[in-house]
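Enquirer: In the working numbering, the protein residues as written are 192 to 538. In this text, a Cβ means the ideal position worked out from N, Cα and C, and glycines have one as well. This one's a predicted model, so the numbers in the text were calculated from it and none came from an experiment.
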Ligand code: GLA
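#1: First and last residue of the beta strand (DSSP E) that includes residue 252?
#2: I'd like to check one pair, residue 356 with residue 526: are the Cβ atoms closer than 8 Å?
#3: Could you give the DSSP three-state label for residue 537: helix, strand or coil?
#4: Could you work out which residue in 372, 509 and 379 is closest to residue 448 when comparing CA atoms only?
#5: In terms of residue numbering, what span does the beta strand (DSSP E) encompassing residue 200 cover?
#6: Taking 7 Å as the cut-off, is the C-beta of residue 219 nearer than that to any heavy atom in the ligand GLA?
#7: On a CA-only basis, which of 266, 284 and 368 is nearest residue 253? Give me that one, please.
#8: Distance check for residue 508 and residue 495, CA to CA, integer angstroms please.
#9: Going along the chain, which unbroken runs of the beta strand (DSSP E) with 3 or more residues stay wholly within the segment 374-416?
#10: Where does residue 239 fall in DSSP's three states?
#11: If residue 381 sits next to residue 521, beta carbons under 8 Å apart, how far is it from one beta carbon to the other, in whole angstroms?
#12: With a 10 Å radius around its C-beta and 16 neighbouring C-beta atoms as the bar for buried, classify residue 208 as buried or exposed.
#13: Using CA coordinates, which residue listed in 344, 258, 315 and 311 is at the minimum distance from residue 337?
#14: Does residue 301 pass the burial test, meaning 16 or more other C-beta atoms within 10 Å, or should it be called exposed?
#15: From what residue to what residue does the alpha helix (DSSP H) around residue 333 run?
#16: May I ask you to check if the CB of residue 209 is nearer than 7 Å to at least one heavy atom of the ligand GLA?
#17: Please tell me whether, using a cut-off of 7 Å, the distance from the CB of residue 212 to the nearest non-hydrogen atom of the ligand GLA is below it.
#18: For residue 261, tell me which candidate among 340, 346, 524 and 421 has the shortest Cα-Cα distance.
#19: Alpha carbon to alpha carbon, how far is residue 264 from residue 537? Give it in angstroms, no decimals.
#20: Apart from the five residues just before and just after residue 420, which ones in its own chain have a Cβ nearer than 7 Å to its Cβ?
#21: Determine the closest residue to residue 245 out of 270, 291 and 354, with distance taken between C-alpha atoms.
#22: At a cut-off of 7 Å, is residue 180 close to the ligand GLA when judged by its beta-carbon and the heavy atoms of the ligand?
#23: Is residue 346 near the ligand GLA, going by C-beta to nearest heavy atom under 7 Å?
#24: For residue 534 and residue 280, I'd like the C-alpha separation in whole angstroms.
#25: Between 408, 376 and 293, which lies nearest to residue 389 when the distance is taken from Cα to Cα?
#26: Looking at the secondary structure, which residues open and close the beta strand (DSSP E) in which residue 260 lies?
#27: What residue from 531, 486 and 532 has the CA that sits closest to residue 385's CA?
#28: Return yes when the Cβ of residue 441 is within less than 8 Å of the Cβ of residue 216, no when it is not.
#29: For the alpha helix (DSSP H) that residue 300 lies in, which residues bound it at each end?
#30: Does DSSP put residue 460 in a helix, in a strand, or in coil?
#31: Going by DSSP, what residue range makes up the beta strand (DSSP E) through residue 510?
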């Protein structure tokens, strides 16, 4: 059994397909180079001691007694509890968390943290642990049951399956993950901060999820993957617009895969713009600050731009043509490798 391990979980950018994951739909995310690193050292006894380096905070608890706590601590207590429940022999440990992905920015710092924590604890335990899809589900239970955000599997699957140079077409009904080459011929994907921070647990995220469940109930279908635009028209406000967004965004995912295959970047840009309009007007998860960031990118020559992630703040994504200069403060992003235990660090 190793005495020290280091695990890394990347953040993610979602090219298209938003709020589709918990509706058994489609999305096209990729893992990025920024993420969360967890260093774990085995200790004696039964205690988990954690130091959140960037926050200057620490926490300790008996690993048989994880508690209902708030904020970043909930991820650690939840990770230990869910791993133990899954049969992983979690050992006593000292954990050190640090990150390069901004928190509350729509780049999935939460999944990066869940995945890095669980990978580090599994490696330290010497157990094999669940496969990547099962681990994604376990991590999403940490978020659903311990952090309080009813999020889907998008972020965890993107974090765990990320591949250099590829986006991932994820079908959330079958949980099939198919890499799609992201060759942009000199075009650039950039993220621009709206300046507004969000928390999925505190935002309207859970309400959107409940609205989709209600729409399914009224339509008598198991998930919105089975919905059509015709069905959406039969629903009362605002459920009709929520369903219209989900149905149209699923279609845009496959249109984006096709645009990438044909290297039709103008079409890809149009799809990003259409997705933003749908998230703003039908799904209603944008804000004035987010719309302003989208406009900044568009005025800077972006072929398309949109809000990403849970919404209500965070970063926006833009597709810039080869000759355009990214606006000040924009962060270039490209598909990077998925989560991993850093091999040279296992001792
Ligand atoms: C957040 C959630 C994901 C997904 C997106 C919206 O990132 O964690 O599960 O629902 O919002 O697409």
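Expert: With the given structure in hand:
#1: Mapped onto the chain shown, residue 252 falls at position 61. Where residue 252 is concerned, the enclosing beta strand (DSSP E) starts and stops at 248-253.
#2: Residue numbering aside, residue 526 sits at position 335 when the chain shown is read from its first letter. Residue numbering aside, residue 356 sits at position 165 when the chain shown is read from its first letter. In this structure, residue 356 lies closer than 8 Å to residue 526 by Cβ.
#3: The sequence position of residue 537 within the chain shown is 346, counting from 1. Confidence is the limiting factor: at residue 537 the pLDDT is only 49, short of 50, which leaves the residue's position unreliable, though a coordinate-based value still follows. Of the three classes helix, strand and coil, the one that applies to residue 537 here is coil, per DSSP.
#4: The residue labelled residue 448 in the question sits at position 257 within the chain shown. When each option's Cα is compared against that of residue 448, the closest is 372.
#5: Position 9 of the chain shown, counted from the start, is the residue given in the question as residue 200. Residues 195-205.
#6: For the purposes of this step, residue 219 is taken as residue 28 along the chain shown, with counting starting at 1. No, the beta carbon of residue 219 sits no closer than 7 Å to any heavy atom of the ligand GLA.
#7: Counted from its first residue, the chain shown places residue 253 at position 62. Taking only the C-alpha atoms, the option nearest residue 253 is 284.
#8: Residue numbering aside, residue 495 sits at position 304 when the chain shown is read from its first letter. Residue numbering aside, residue 508 sits at position 317 when the chain shown is read from its first letter. Approximately 8 Å between the Cα atoms of the pair.
#9: 379-384
#10: Against the chain shown, residue 239 aligns to sequence position 48. Three-state DSSP puts residue 239 in a strand.
#11: The residue given as residue 381 occupies position 190 in the chain shown. The residue given as residue 521 occupies position 330 in the chain shown. 4 Å between Cβ atoms; contact.
#12: Within the chain shown, numbered from 1, the residue matching residue 208 stands at position 17. Buried is the call here.
#13: What you label residue 337 is simply residue 146 of the chain shown in a count that begins at 1. Taking only the C-alpha atoms, the option nearest residue 337 is 258.
#14: As a first step, residue 301 must be located in the chain shown, where it is residue number 110. Sixteen is the threshold: when 16 or more other Cβ atoms of the shown chains lie within 10 Å of the Cβ of residue 301, as they do, the residue is buried.
#15: Indexing the chain shown from 1 puts residue 333 at position 142. That residue, residue 333, is in no alpha helix (DSSP H); it is neither H nor E in DSSP.
#16: Numbered from its first residue, the chain shown carries residue 209 at position 18. Under cutoff, so the answer is yes.
#17: As a working mapping, residue 212 is identified with position 21 in the chain shown. It does: the Cβ of residue 212 is within 7 Å (strictly closer) of some heavy atom of the ligand GLA.
#18: Here residue 261 refers to the residue found at position 70 when the chain shown is read from its first residue. Of the residues 340, 346, 524 and 421, the one whose Cα lies closest to the Cα of residue 261 is 340.
#19: Here residue 537 refers to the residue found at position 346 of the chain shown. Here residue 264 refers to the residue found at position 73 of the chain shown. Low confidence applies here, because residue 537 scores a pLDDT of 49, under 50, leaving its location unreliable; read the following figure in that light. Cα to Cα, the separation comes out at about 25 Å.
#20: Residue numbering aside, residue 420 sits at position 229 when the chain shown is read from its first letter. Cβ neighbours of residue 420 within its own chain (closer than 7 Å, five residues either side excluded): 435 and 438.
#21: Translated into positions along the chain shown, residue 245 becomes position 54. It is 291.
#22: Outside the shown range of the chain, which is 192 to 538, sits residue 180, and nothing can be said about it.
#23: Translated into the one-based positions of the chain shown, residue 346 becomes position 155. At least one heavy atom of the ligand GLA falls within 7 Å of the beta-carbon of residue 346.
#24: The residue given as residue 534 occupies position 343 in the chain shown. The residue given as residue 280 occupies position 89 in the chain shown. The C-alpha of residue 534 lies about 21 Å from the C-alpha of residue 280.
#25: Residue mapping note: residue 389 aligns to position 198 of the chain shown, counting from 1. Out of 408, 376 and 293, 293 has the C-alpha closest to the C-alpha of residue 389.
#26: Taking the chain shown and counting its residues from 1, one reaches residue 260 at position 69. That residue, residue 260, is in no beta strand (DSSP E); it is neither H nor E in DSSP.
#27: Walking along the chain shown from the start, residue 385 turns up at place 194. Answer by Cα proximity: 486.
#28: By 1-based counting over the chain shown, the position of residue 216 is 25. By 1-based counting over the chain shown, the position of residue 441 is 250. Judged by beta-carbon spacing, residue 441 lies within the 8 Å limit of residue 216, meaning their Cβ atoms are closer than that value.
#29: Locating residue 300 in the chain shown gives position 109, counting from the first residue. Residue 300 -> alpha helix (DSSP H) spans 300-316.
#30: Taking the chain shown and counting its residues from 1, the one referred to as residue 460 is at position 269. Three-state DSSP puts residue 460 in a helix.
#31: Stepping through the chain shown from its first residue, residue 510 is reached at position 319. Per DSSP, residue 510 belongs to the beta strand (DSSP E) from 506-511.
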